[in-house]
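Just so you know, we're using this note's numbering here: the sequence shown kicks off at 1 and counts up by one. Each remark here refers to the structure printed beneath this line.
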Amino acid sequence: MRIPFSGTELEDRLKLLVKIIHSRGFAGLDISSENVLISPDRKEVHLTIHLLPNPFNLPSPIRSMKKEQYVVLDIEATGLSKHMYKITEIAAVKVENKKVIQEFQTLINPQTRIPSFITSLIGIHNLMVRDSLIIEEVMPKFMRFLGEGSIVAHCATFDYGFLNHNAQTCSRREITNERICTRKLSRRLVPQLPSYKLSSLCEHFQVRNLKTPKEICRLNSADEFRGL
1 MRIPFSGTEL
11 EDRLKLLVKI
21 IHSRGFAGLD
31 ISSENVLISP
41 DRKEVHLTIH
51 LLPNPFNLPS
61 PIRSMKKEQY
71 VVLDIEATGL
81 SKHMYKITEI
91 AAVKVENKKV
101 IQEFQTLINP
111 QTRIPSFITS
121 LIGIHNLMVR
131 DSLIIEEVMP
141 KFMRFLGEGS
151 IVAHCATFDY
161 GFLNHNAQTC
171 SRREITNERI
181 CTRKLSRRLV
191 PQLPSYKLSS
201 LCEHFQVRNL
211 KTPKEICRLN
221 SADEFRGL
């Protein structure tokens, strides 16, 4: 890059350059002394510039979430495939101005047996859901709770996939809310961590949450982590 050597113009050009770089999502620029060459006639400065990535250049949904409502959610299911397995629990908290203003939590009768190894992972067994509502009864209530705010979840692809599939099946509606995955976000912000499980992130950021039930506890932890 060539810039006139005039002191005032050089300063103005560099300020403009930094402004442009920030607008493109970079943290700034690095100009080391060995990358600055002054022309023999001292009329121009030749610069070699290295752009610095900004790890906190967050997607627009996150930047716009400081005041608007958003929903932090978590689900449990009988397996990993939204086409083959059923939801057994939905838990969510609605947040506005960094305060939880509403909660939604229910067990769901999947109308099929919950495998024992799934019970060992999520803590939900067949007797717990025997008298619970079925998904066709739950989804309309959850959709009203969800509204139009952004969705925040840890491993959001899993949660959103199940919820959107069931919304289409039960209500013939698609969930189009903006989605933010705190797992992907954490990999971007703290790439050096050995694990990105929610419990590991809470330990790293010293987030403690002793509230019950289990799902609401996890959601409050996820929301506190997102707000750091």
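Here a beta-carbon is modelled for each residue, glycine too, at the ideal position from N, C-alpha and C.
Near Arg208, what residues of its chain come up, given a Cβ to Cβ distance below 6 Å and the 5 sequence neighbours on each side ignored?
-> Taking the first residue of the sequence shown as position 1, residue 208 is located at position 208. Cβ neighbours of Arg208 beyond the five flanking positions: none.
Selected residue, minimal CA-CA separation from Asn166, among Pro115, Tyr70, Ala91, Tyr85 = Position 166 of the sequence shown, counting from 1, holds the residue named residue 166. Of the candidates Pro115, Tyr70, Ala91, Tyr85, the one whose C-alpha sits nearest the C-alpha of Asn166 is Tyr85.
Leu291, buried or exposed, once every other Cβ within 10 Å from all chains shown has been counted against 16 = The structure shown does not extend to residue 291, since the chain is modelled only from 1 through 228, so no value can be given for it.
With distances taken from CA atoms, which of Ser116, Lys197, Glu68 is nearest Ala77?
-> Residue numbering aside, residue 77 sits at position 77 when the sequence shown is read from its first letter. Out of Ser116, Lys197, Glu68, Ser116 has the C-alpha closest to the C-alpha of Ala77.
Do you know offhand how far Gln111's Cα is from Thr169's?
-> For the purposes of this step, residue 111 is identified with residue 111 of the sequence shown, where counting begins at 1. For the purposes of this step, residue 169 is identified with residue 169 of the sequence shown, where counting begins at 1. Cα to Cα, Gln111 sits roughly 16 Å from Thr169.
Is any heavy atom in the ligand GTP found nearer than 7 Å to the beta carbon of Leu163?
-> The ligand GTP is not part of the structure shown, which contains no ligands of any sort.
Tell me whether Asp131 sits in a helix, a strand or coil according to DSSP, three-state version.
-> Residue numbering aside, residue 131 sits at position 131 when the sequence shown is read from its first letter. Here Asp131 sits in coil by DSSP.
Got a sec, what are the start and stop residues for the beta strand (DSSP E) Tyr70 sits in?
-> Your numbering for residue 70 matches position 70 in the sequence shown. Segment 70 to 77, the beta strand (DSSP E) holding Tyr70.
Contact check, Leu133 vs Asn97, beta carbons under 8 Å | Working through the sequence shown from its first residue, we reach residue 133 at position 133. Working through the sequence shown from its first residue, we reach residue 97 at position 97. No, these two residues do not count as a Cβ contact at 8 Å.
For Thr182, the three-state DSSP class (helix, strand or coil) = Here the question's residue 182 lines up with position 182 in the sequence shown. The answer is helix: DSSP assigns Thr182 an H, G or I state.
So what does DSSP say about Glu103, is it helix, strand or coil?
-> Locating residue 103 in the sequence shown gives position 103, where the first residue counts as 1. Looking at Glu103 - three-state DSSP - the assignment turns out to be strand.
Sorted by chain position, which residues of the same chain lie with C-beta nearer than 7 Å to Arg187's C-beta, five sequence neighbours on each side aside?
-> Locating residue 187 in the sequence shown gives position 187, counting from the first residue. Within the same chain, Arg187 has close Cβ partners Tyr196.
Cα separation between Tyr70 and Leu146?
-> The residue labelled residue 70 in the question sits at position 70 within the sequence shown. The residue labelled residue 146 in the question sits at position 146 within the sequence shown. So the two alpha carbons sit approximately 8 Å from each other.
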